Each structure stands twice: as structure tokens, then as C-alpha cells.
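Quick notes on the structure that follows.
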Amino acid sequence: MLFPIWGELQDYAVHGPAGRDLLPLVNLVDKHGMDAILAAVNHLTDEAQAHVTVSTAHKVKGREWPSARIADDFQSPPGSDQQDDSGHPIPRPIDDVEARLAYVAVTRTRTRLDIGGLAWIDQHPGGMQTTAASPLP
Numbered sequence: 105m106l107f108p109i110w111g112e113l114q115d116y117a118v119h120g121p122a123g124r125d126l127l128p129l130v131n132l133v134d135k136h137g138m139d140a141i142l143a144a145v146n147h148l149t150d151e152a153q154a155h156v157t158v159s160t161a162h163k164v165k166g167r168e169w170p171s172a173r174i175a176d177d178f179q180s181p182p183g184s185d186q187q188d189d190s191g192h193p194i195p196r197p198i199d200d201v202e203a204r205l206a207y208v209a210v211t212r213t214r215t216r217l218d219i220g221g222l223a224w225i226d227q228h229p230g231g232m233q234t235t236a237a238s239p240l241p
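Letter by letter, the sequence shown follows residues 105 to 241 in the working numbering.
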């Protein structure tokens with residue numbers, strides 16, 4: 105889809121059914137301007153020489169690094185209308201698609217993982233589930 109003027113793209117990013125994916129980029133351009141963004145892109149280092157690689161969890165499948173840090177992209181599910189014994193809202197279940205994506209993200213490191221944006225998982229009732237291995241016959 106092409107937008108003849110910037111305002112139409114801004115409107116689509118905010119209100120369009122599929123525009124939400126564009127909103128971070130639109131906000132970046134609105135905040136910093138195209139000249140600053142192009143200057144930053146022109147100063148990027150080739151990944152082979154870089155000390156840090158920033159990527160989405162979708163793009164890291166099949167790749168590996170010595171260490172990995174999880175950003176705040178993985179949000180805790182919102183609370184439900186139900187409450188626990190302490191009166192706190194019980195979180196909704198973790199979405200299966202998000203769980204699989206989080207699994208990909210946390211398994212990209214060889215030696216060190218900074219759980220960062222997934223730290224909430226330890227307090228989520230569904231985050232403590234483990235499957236016991238069956239003993240071998």
C-alpha cells in the first residue's frame with residue numbers, strides 16, 4: 105500500500121487494521137526526523153564486526169550468540185476479573201504463540217541469558233509449569 109502523503113501513513117498506523125506494525129517506525133520518524141534516522145543507519149556496523157546485535161525474536165530463529173538479553177517486548181498477560189486469595193487479579197493464560205516466540209528468544213544464547221523483559225514469567229501461575237521427564241525403561 106502506498107501513501108502519497110505522510111499524514112495518510114500516520115493515520116493508517118494509528119487507525120488502520122494492519123497499520124499497528126508500522127506505528128513504532130512512524131513514531132520514530134515523527135520524533136527524530138528522517139535525516140537523523142538516515143544518519144544513524146549510515147553509521148551502523150556490519151554484524152560480523154558488531155559487539156551488539158539488536159533483533160526481533162521473529163528474526164533470531166536458527167541463530168545463536170554468546171549472550172542474549174530479552175527486551176520488554178514480551179508483556180505479561182493482563183489480569184482477569186478473577187482474584188486470588190490475596191485479592192490480586194489472576195493473570196490470564198499465556199498465549200501459546202507468545203510462549204513459543206519467547207522460547208525461541210531465550211534459547212538463542214550459548215552461555216548467558218538476561219531474562220529482562222520476561223522476568224514477570226516467574227510470578228505468572230502458568231510460568232512455573234514443568235513437565236517431569238518419564239524415567240527410561
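No residue lacks a Cβ here, since even glycine has one placed at the ideal position from N, Cα and C. Just so it is clear, the structure is predicted and the values come from calculations on it, not from any experiment.
Round the Cβ separation of residue i and residue j to the nearest angstrom and send it over; I've been treating them as touching at under 8 angstroms.
i	j	result
A143	I174	Actually they do not touch by this definition, with Cβ atoms about 29 angstroms apart.
S184	H228	Not confirmed; about 12 angstroms, so no contact.
F178	G221	5 angstroms
Verify whether the separation of the beta carbon atoms of residue i and residue j is less than 8 angstroms.
i	j	result
A117	L127	yes
Q159	R216	In the sequence under discussion, the amino acid at residue 159 is Ser, which differs from the Gln named in the question. Not a contact, by the Cβ cut-off of 8 angstroms.
Label residue i either buried or exposed according to how many other C-beta atoms from any shown protein chain fall within 10 Å of its C-beta, with 16 as the threshold for buried.
i	result
P197	exposed
P195	buried
A223	exposed
A161	buried
For residue i, which residues from the same chain have a beta carbon less than 7 angstroms from its beta carbon, with the 5 sequence-adjacent residues on both sides left out?
i	result
R167	R212
Closest to residue i by CA distance: which of the options is it?
i	options	result
K165	H192, D200 and R204	R204
A152	I219, G137 and W169	W169
E202	R124, V133 and I225	I225
D176	W110, D150 and D218	D218
K163	G137, W110, A206 and H136	A206
Near residue i, which residues of its chain fall below 6 angstroms by C-beta distance, leaving aside the five closest residues on each side in sequence?
i	result
F107	L113
Give every residue of the same chain whose Cβ lies closer than 8 angstroms to the Cβ of residue i, excluding the five residues on either side of it in the sequence, and list them in chain order.
i	result
A122	none
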